[in-house]
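Residues are numbered in our numbering as their position in the sequence shown, beginning at 1, plus a constant of 7.
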Amino acid sequence: MAEMPNPSPPARYPGAEHDARWRRLVLPAGYPQPEPRERYHLVVIGAGTAGLVTAIAAAGLGAHVALVERNALGGDCLNVGCVPSKSLLEFTRFAEDEHDDDERFDAAFERLRAVRAAIAEHDSVERYTQAGVDVFHGSAKFVDQWTVQAGSVRLVTRRTVIATGSHPRLPSIQGLAESRPLTNETVFDLKRRPKRLAILGAGPIGCELAQAFARLGVEVVMIESEPRVLSSEDPRASALVERALLDAGVVLELGASVTAVDRRGAHVSIALSDADGTAKEIGADELLVATGRRPNTDELNLAAVGVELDAQGRIVVDRYLRTTNPKIYAAGDVCSAVQLTHNADAHARIVVQNALFAPTATTEGLVIPRCTYTDPEVAQIGPTADELARAGTAFDAYRVDFAELDRGRMQRDEGFAEILTAAGSDRILGATIAGRDAGELIAPVAIAATLGIGLGDLGKAVLPYPTRSEFLRKAADRYRLTKLTPGRKRLLETWLGWRA
Ligand SMILES: Cc1cc2nc3c(=O)[nH]c(=O)nc-3n(C[C@H](O)[C@H](O)[C@H](O)COP(=O)(O)OP(=O)(O)OC[C@H]3O[C@@H](n4cnc5c(N)ncnc54)[C@H](O)[C@@H]3O)c2cc1C
Numbered sequence: 008m009a010e011m012p013n014p015s016p017p018a019r020y021p022g023a024e025h026d027a028r029w030r031r032l033v034l035p036a037g038y039p040q041p042e043p044r045e046r047y048h049l050v051v052i053g054a055g056t057a058g059l060v061t062a063i064a065a066a067g068l069g070a071h072v073a074l075v076e077r078n079a080l081g082g083d084c085l086n087v088g089c090v091p092s093k094s095l096l097e098f099t100r101f102a103e104d105e106h107d108d109d110e111r112f113d114a115a116f117e118r119l120r121a122v123r124a125a126i127a128e129h130d131s132v133e134r135y136t137q138a139g140v141d142v143f144h145g146s147a148k149f150v151d152q153w154t155v156q157a158g159s160v161r162l163v164t165r166r167t168v169i170a171t172g173s174h175p176r177l178p179s180i181q182g183l184a185e186s187r188p189l190t191n192e193t194v195f196d197l198k199r200r201p202k203r204l205a206i207l208g209a210g211p212i213g214c215e216l217a218q219a220f221a222r223l224g225v226e227v228v229m230i231e232s233e234p235r236v237l238s239s240e241d242p243r244a245s246a247l248v249e250r251a252l253l254d255a256g257v258v259l260e261l262g263a264s265v266t267a268v269d270r271r272g273a274h275v276s277i278a279l280s281d282a283d284g285t286a287k288e289i290g291a292d293e294l295l296v297a298t299g300r301r302p303n304t305d306e307l308n309l310a311a312v313g314v315e316l317d318a319q320g321r322i323v324v325d326r327y328l329r330t331t332n333p334k335i336y337a338a339g340d341v342c343s344a345v346q347l348t349h350n351a352d353a354h355a356r357i358v359v360q361n362a363l364f365a366p367t368a369t370t371e372g373l374v375i376p377r378c379t380y381t382d383p384e385v386a387q388i389g390p391t392a393d394e395l396a397r398a399g400t401a402f403d404a405y406r407v408d409f410a411e412l413d414r415g416r417m418q419r420d421e422g423f424a425e426i427l428t429a430a431g432s433d434r435i436l437g438a439t440i441a442g443r444d445a446g447e448l449i450a451p452v453a454i455a456a457t458l459g460i461g462l463g464d465l466g467k468a469v470l471p472y473p474t475r476s477e478f479l480r481k482a483a484d485r486y487r488l489t490k491l492t493p494g495r496k497r498l499l500e501t502w503l504g505w506r507a
């Protein structure tokens, strides 16, 4: 995360007072470093979700814990990720249209800042120090496997957890870096509504922000090299999101490749070759880059402790989240292909057990849902149908369109839910849900997949009518129908014939 701007002189912009409170909580100016203990049970590097959960859980168990953060507690999720992006989306979903675009933009950003400051209480330096964690402010690097340099302080430790997260990756495009593009680290600092915004990358972050900004009256052009938005998701789900983006006024340049970027003062021009190979130039006030993330490992001096990275730059870990140095663990974005807050949280719970006690907790069997919070949302557990087909895995698909459900009809919901099971069985391999509240609706399927509850058994639960959750029952009924073989059907008919 980029260095936060210095809070003085007092700034005047929508929500400035909330920002001042937020910084006081997670990055207090003049924070006095604690006197380090002679030796810690655990040093945790990075105070994002993975580091915070690790530190507070370990301290709660009575361990002596040092937490080192070079920037603000809360990491990406609180400061420049989930919290500000979802606050913005939520505002644009329900805000009334009686104000002009500039007023709506200011109100949305003020709300974002208010929500972030309120949630910052939970990640505050005060909360962590009161819980018994020694919080150090500074950049950490290894001296050796027992010693971590944290700014000017040396910390001696039995075990270390690396939870340093990731940062936005800028593609190598002529003129891009020099054009001072926005990333997730700076876009929530905007003080004024840009009239035109170009977004590079139509993954979850690009799509969410494209929809939010378009709904705030910004002319948005989204440029993506893949032929569809959300290219990792089920194509039918990404088609729904694509239509919603177009409805919001977003211009899509899919299958396009950007050849050069040039900023002249307040104007940035983006040269691209579109899907037909035609050269085009797009003008904007701002360019936002959302083209993927890279783990934060450069500053850690990992070579000194034998911690290896994989080809993507991620820390290599085993199923116990041990790095290639068994005294050092890693958790969250820095060691995972799945870069999500709840994954970081799940990792933290594993490393606390393994780093403090016997290494018995593993990542095996974890079901990590993902959700893109556009309107409609797209949620997924496990592989998509395309991924299963590509892997040659035999599967059955039980799809329910929300338009088949009474609640879906009432709400004119065009979404769908599809549960994928191992062929001929009700063992859940994956599920895709696209539509309103898909992120909430995937929860029972994630629980079932984690606990090994089959689709057939899920159908035994009685669910409230009329809800979209009834897709579970409908999908289970469809599974049960496949068990009604012609032989069984004949048997039933004969039995009923006797009883007539
Ligand atoms: C725009 C956006 C929206 C997102 N939305 C969602 C969402 O809706 N749901 C979801 O689940 N996930 C979402 N994510 C992903 C989520 O934010 C991350 O997966 C999560 O923050 C990872 O937590 P972490 O602890 O691994 O790393 P981080 O949160 O990145 O924390 C790492 C911390 O380590 C610190 N650090 C790095 N190097 C050093 C060092 N050498 N010394 C000291 N400190 C160091 C960093 O300053 C940082 O504070 C979103 C991300 C973005 C960018």
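We put the CB at the ideal spot given by N, CA and C, even for glycine. This structure is a prediction, so every number in the text was calculated from the model and none was measured.
Quick one: grab the DSSP three-state call for M8. Counting from one through the sequence shown, the residue named residue 8 turns up at place 1. In this prediction, M8 has a pLDDT of 45, which is less than 50 and means its spatial position is unreliable; what the coordinates show is noted afterwards. In the structure shown, M8 sits in coil (DSSP, three-state: anything other than H, G, I, E or B).
Measuring only the C-alpha atoms, how far is G55 from A362? Position 48 of the sequence shown, counted from the first residue, corresponds to residue 55. Position 355 of the sequence shown, counted from the first residue, corresponds to residue 362. Cα-Cα distance, rounded: 18 Å.
Note down the Cα distance separating I206 from V228, rounded to an integer number of angstroms. If you number the sequence shown from 1, residue 206 lands on position 199. If you number the sequence shown from 1, residue 228 lands on position 221. So the alpha carbons of these two residues sit roughly 6 Å apart.
Check whether A57 and V341 have beta carbons under 9 Å apart: In the sequence shown, the residue the question calls residue 57 occupies position 50. In the sequence shown, the residue the question calls residue 341 occupies position 334. Yes, the pair counts as a contact, with Cβ atoms nearer than the cut-off.
Please give me, in chain order, every unbroken run of the beta strand (DSSP E) with length at least 3 that falls completely inside the segment 368 to 400. 377 to 379 and 384 to 388
So, is E293 buried or exposed, given that buried needs 16 or more other C-beta atoms within 10 angstroms? Locating residue 293 in the sequence shown gives position 286, counting from the first residue. E293 is buried by the Cβ-count criterion.
Boundaries of the beta strand (DSSP E) in which L32 is found, first to last residue: Here the question's residue 32 lines up with position 25 in the sequence shown. Counting along the chain, L32 falls outside any beta strand (DSSP E), though it belongs to the alpha helix (DSSP H) covering A23 to V33.
If you count every other CB in all the chains shown that lies within 10 Å of the CB of F116, and 16 or more means buried, which is it? Here residue 116 corresponds to residue number 109 of the sequence shown, with the count starting at 1. It counts as buried.
N- and C-terminal bounds of the alpha helix (DSSP H) containing F112: Translated into positions along the sequence shown, residue 112 becomes position 105. Run containing F112: D108 to A127, per the alpha helix (DSSP H) assignment.
So with Cβ pairs under 9 Å, would you call V268 a contact of chain D? Structure shown: chain D not included; a single protein chain is present.
Minimum C-alpha distance to F98 - residue among L216, E76 and F409: Locating residue 98 in the sequence shown gives position 91, counting from the first residue. Comparing Cα-Cα distances from F98 to each of L216, E76 and F409, the minimum goes to L216.
For P390, which of A255, R416 and I375 has the nearest alpha-carbon? Counting from 1 along the sequence shown, the entry for residue 390 is found at position 383. Among A255, R416 and I375, the Cα nearest to that of P390 belongs to I375.
Beta-carbon spacing of V142, A73 below 9 Å: The residue given as residue 142 occupies position 135 in the sequence shown. The residue given as residue 73 occupies position 66 in the sequence shown. It is a contact, given that the beta carbons lie within the stated cut-off.
Report yes or no: do three or more beta-carbon pairs, one from the segment 245 to 258 and one from the segment 268 to 281, lie closer than 8 Å? no
Residue interval of the beta strand (DSSP E) (run including A429): Residue mapping note: residue 429 aligns to position 422 of the sequence shown, counting from 1. Its beta strand (DSSP E) spans residues F423 to A429.
Identify the residues that DSSP records as bridge partners of G290: which are they? Mapped onto the sequence shown, residue 290 falls at position 283. Answer is S276.
For L96 versus V33, is the C-beta spacing smaller than 9 Å? For the purposes of this step, residue 96 is identified with residue 89 of the sequence shown, where counting begins at 1. For the purposes of this step, residue 33 is identified with residue 26 of the sequence shown, where counting begins at 1. For L96 and V33, no; Cβs fall outside 9 Å.
I322 to G145, Cα distance in whole Å? Locating residue 322 in the sequence shown gives position 315, counting from the first residue. Locating residue 145 in the sequence shown gives position 138, counting from the first residue. In a straight line, the C-alpha of I322 is about 21 Å away from that of G145.
When you compare each of E45, L373, P21 and L503 to S343 by their alpha carbons, which one comes out closest? The residue labelled residue 343 in the question sits at position 336 within the sequence shown. S343 has its Cα closest to that of L373, out of E45, L373, P21 and L503.
Closer than 8 Å to a non-hydrogen atom of ligand 1 - does that hold for the CB of V258? Taking the first residue of the sequence shown as position 1, residue 258 is located at position 251. Every heavy atom of ligand 1 is 8 Å or more from the Cβ of V258, so no.
Return helix, strand or coil for L74, following the three-state DSSP convention. Working through the sequence shown from its first residue, we reach residue 74 at position 67. Of the three classes helix, strand and coil, the one that applies to L74 here is strand, per DSSP.
Would you kindly work out how many angstroms separate the C-alpha atoms of E231 and G69, rounded to a whole number? Working through the sequence shown from its first residue, we reach residue 231 at position 224. Working through the sequence shown from its first residue, we reach residue 69 at position 62. Between E231 and G69, the C-alpha separation is close to 49 Å.
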